[in-house]
Amino acid sequence: MGGLDLRGTSITALPENVCCRSLYLDPERISNIAYRKGCGRSGRTIFAAWTGKEIHIAAGCFFDTLDAFERAVDGEYTGKAADAYKQAARECVA
1 MGGLDLRGTS
11 ITALPENVCC
21 RSLYLDPERI
31 SNIAYRKGCG
41 RSGRTIFAAW
51 TGKEIHIAAG
61 CFFDTLDAFE
71 RAVDGEYTGK
81 AADAYKQAAR
91 ECVA
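Residue numbering for the sequence shown follows the UniProt record's numbering, starting at 1 and increasing by one per position.
Structure follows, in structure tokens:
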């Protein structure tokens, strides 16, 4: 299982059974995701996608569950920065 880069394609929706290690796409073009721009130190766009089993969060090369995302954020960020990044992901899931 590797990365999937859908940027610049004509794809407008993800299949419900998407399975990959990392997922790159143009969030404005994909109808069945929720995203937030300007997140984290890098100001990246993060998004939530349904994988057929559960919702995964994508942030750069990261693509895993919300719980795994929050643990990863806690390993890299502290305080308000960590809270804001995790809250952005939660908003994508809500």
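Glycine included, each C-beta is placed from N, C-alpha and C at the ideal position.
Keep in mind it's a predicted model, so treat the numbers as computed, not measured.
What's the call for K86, buried or exposed, on a 16-neighbour Cβ count within 10 Å?
Taking the first residue of the sequence shown as 1, we reach residue 86 at position 86. Buried: at least 16 other Cβ atoms inside 10 Å.
Would you tell me roughly how many angstroms separate the C-alpha atoms of R21 and F47, rounded to the nearest one?
For the purposes of this step, residue 21 is taken as residue 21 along the sequence shown, with counting starting at 1. For the purposes of this step, residue 47 is taken as residue 47 along the sequence shown, with counting starting at 1. Cα to Cα, the separation comes out at about 14 Å.
Where does K53 sit, in a helix, a strand or coil, going by DSSP?
Reading the sequence shown from its first residue, position 53 is the one you call residue 53. Correct three-state label for K53: coil.
Would you say S22 faces chain C, with C-beta separation under 8 Å as the test?
Given the protein chain composition of this structure (a single chain), no chain C is represented.
According to DSSP, residues forming a beta bridge with S31:
In the sequence shown, the residue the question calls residue 31 occupies position 31. Bridge partners of S31: none, in fact.
Give the DSSP bridge partners of G3, in chain order.
Indexing the sequence shown from 1 puts residue 3 at position 3. The partner list for G3 (beta bridge, DSSP) reads S22.
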